[in-house]
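A quick write-up on the structure given underneath.
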Amino acid sequence: MTITISSQPTPKQKSRLNLWFEKIMVIFILINYLLVLFDLSYIPYHDFWQQGEIQIVFETPQHQINFPNLPIKVFPFNMTDYYDWVKGIKPHRATVQYLNKVDQLNNTINQQAQQLEAASSQTNSRLTEESEMIFADLRNLSDEMLKLNPFEVANKNGTLEIIKNRMRQHIFDKTQASADAAFHIFWSSEHFKKQGYRQELKFFEQDIKPLMETNYFRPLGENGKPLDHFWLLDFPFIILFFLGFLMRTWLISRHYKGVTWFDAMLWRWYDIFLFLSILRTLRILPLIIRLNHAKFINLQPIQRLASQGFVASIAEDLVQVVMIRVINQVQTSISQGDIQKFLKQRHQNIDLNGRNEIEEILKIFLQITVQKVIPQIKPDAEALLKYNFAQALSQTPILQNLQKLLGMKNLENRISEQVSSQLYQSFSETL
C-alpha cells in the first residue's frame, strides 16, 4: 500500500484561494474609494469636517431659527487637524489675528475684574487704557475685514454676509443697517459697559467666532491650481492595484490557450480605472464588479435582465433587416415582371367550369402546411435556424469582444435563440 502526497493544489483549493484573494483586494478597493469620496467632499463640506457639528440655521430679516437649538456633535475631534495638509489649507492670517485680538481683550477684561478691588487706581487705569487700545485695534481690524474680504480666497463670501447680518441684527435689530457702524458700536467700551462684558463676549463666542474660524487660506501650486497632496495617499493604492492587475492578467493568459497577455488586459479592462488618478470617481465600476466576484453582493439578476434586454434589441434589429430584405426582393420581382408572368400563367389555367385549379391546390396546400406541418416541424426548424445563426455570429469579431464582458458569456446562444424564434413566428403568421 502506497500513499502519494501531491504538492499541487486541487481545483477546489485554487478556487478558495482565488476567492480569498478577491475578498482581500476588494477590501483595499473599498477603503480607497471611501478615501476618494472623502477627499472630494472635503473642500465643499470643510465647515462640517472642521466643527464636526450638525445644525440647520435659517436666517430671516427678523429672526434666526436654529434646528436643533444646540448643535449635534458628530466627531469628538476636528478632522481638519489631520487632513488640512493634504489640501494645503492653512488658517487665514487676517481672521487669526482678529480672533487673537478678541482673546487678548477677554484676558484683559478678566484681569481688570479680578484686580478691581485689590489693585490700586493706577493699575486699574493702566488696564483701562490697554482695553481701550484693544477696542481701537478691533475696530480697525473690522474695517479691514469688511473692505478686503479675507473670506473671498476660500470662496466663503456668504459666510462674511452672515457675520455682517448677525452683527447688524445684534446692534440695530435689523439687517438693513450699516455693517461698519455696527462693528464700530460693538467694539467700544461704552457698549460693553452698557450691555455687559460677559454678555457681549458670549455673543461673539457663540455667533461670530465659529464662522470666522471656518475661513482659511489655500495657496496655489506651480500649475496655477490650488495645492493638492492627495496623490501621496493614493499612490500606494495605485501601486498595489497595478501590480494586482499585472499578476491577474498574466495568470489569465497562462490559464487560457490562445489568450495573450494583452488580450487578458482587455478582458479585465474595468480594472484600469483603479490606477488612473484622473478618473478616480470611475473606480466605482471595478469596485462593484469585484464585490460580485468576491460574493459580497449578487449581480446575477441585474446581469440577466440587462443581457436579455440587449439580446432582444439585437434580435429585433436582425428581424427588421431580414424583413426589409424580403420586401426588397418582392419589389425587385415586381419591377422585373415576374408577378405579371405568374398571373398570366395562372389565368391560362382556368378551365371551362370557371375554377382555377392551381389556386384551389395552393389553398389546400397552405391550409395543411399552416395547421399540420408548421406546428410539428417547429422545434426542428427553430433548432436549424438557431444553428445557422450561431455559426454566423461566432465569426463576428464584435460579438467575440462582447462575450468577454460581464454577463455576456452566453450572448451568442441567446441571440441565436431569440432571432430563430422570432423569424419562425413571423413566417408562420405571414402564411
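Residue numbers for the sequence shown follow the numbering used here, beginning at 7 and rising by one. Beta carbons: idealized from backbone N, C-alpha and C, even for Gly.
Spanning the alpha carbons of Glu136 and Thr114 requires a straight line of approximately 8 Å. Here the segment 92-100 makes contact with the segment 235-250; the two share three or more CB pairs at distances below 8 Å. Under DSSP, the beta-bridge partners assigned to Phe223 are Lys96. Counting only the Cα atoms, Phe248 lies some 8 Å from Ile278. Within the segment 199-249, the alpha helix (DSSP H) runs of at least 4 residues that lie entirely inside it are, in chain order, 203-209, 215-219. Counting the other CB atoms within 10 Å of its CB gives Gln212 a total below 16, which places it among the exposed residues. In terms of CA proximity to Lys153, Glu167 leads the group Glu167, Phe141, Ala142, Ile140. In the three-state reduction of the DSSP assignment, Lys79 falls in the strand class. Counting of Cβ neighbours within 10 angstroms places Pro307 among the exposed residues, the total staying below 16.
Spatial neighbours of Asp53 in its own chain (CB-CB distance under 8 Å, excluding positions within 5 residues in sequence) are listed in chain order as Thr220. Restricting attention to Leu36, Asp269, Leu23, Tyr51, the CA atom closest to the CA of Leu291 is found in Leu36. Selection Arg204, Gln56, Lys162 evaluated against Val80 yields Gln56 as nearest (Cα-Cα).
In the three-state DSSP reduction, Phe34 falls in the helix class (H, G or I). Rounded to the nearest angstrom, the gap between the Cα atoms of Asp109 and Ser148 is 15 Å. Between Ala160 and His98, the CB-CB gap stays under 9 Å. Annotation for Tyr88: the continuous alpha helix (DSSP H) segment containing it runs 86-89. Shown here, Asn24 sits in a helix according to DSSP, grouped into three states. In this model, Leu25 and Gly164 are separated by some 51 Å (Cα to Cα). Secondary structure at Trp193: coil, using DSSP grouped into helix, strand and coil. If you draw a straight line from the Cα of Phe44 to the Cα of Met31, it is about 20 Å long. Sequence-distant Cβ neighbours of Arg289 in its own chain, meaning closer than 8 Å and more than five residues away, are Ile35, Asn38, Tyr39, Val42, Phe279, Leu280. Rounded to the nearest angstrom, the Cβ distance from Ala183 to Arg172 is 12 Å, too far for a contact under 8 Å. Counting the other CB atoms within 10 Å of its CB gives Thr101 a total of 16 or more, which places it among the buried residues.
The alpha-carbon of Ser21 is positioned some 19 Å away from that of Ile33. Going by beta carbons, Asn112 and Leu246 fall outside the 9 Å limit. Here Arg274 carries a coil assignment [DSSP, helix/strand/coil]. Considering only Leu105, Glu158, Gln117, the residue with the shortest C-alpha distance to Leu144 is Leu105. The shortest C-alpha to C-alpha distance from Ala119 to any of Leu293, Thr255, Arg204 is the one to Arg204. Distance from the CA of Asn155 to the CA of Phe141, rounded to the nearest whole angstrom, comes to 20 Å.
Rounded to the nearest whole angstrom, the CA to CA distance from Leu293 to His299 is 10 Å.
Residue range 290-299 is occupied by the alpha helix (DSSP H) that includes Pro292. Only residues of its own chain outside the window of five on either side were considered, and among them Lys93, Gly94, Ile95, Lys96, Val159, Ala160, Pro232, Leu233 have a CB closer than 8 Å to the CB of Arg224, listed in chain order.
By the CB criterion at 9 Å, Ile78 and Gln103 fall outside the cutoff. Look at Tyr51 here: in three-state DSSP terms it is coil, with no helix or strand label. Proximity to Ile244 across Phe210, Leu257, Leu285 peaks at Leu285, based on C-alpha coordinates.
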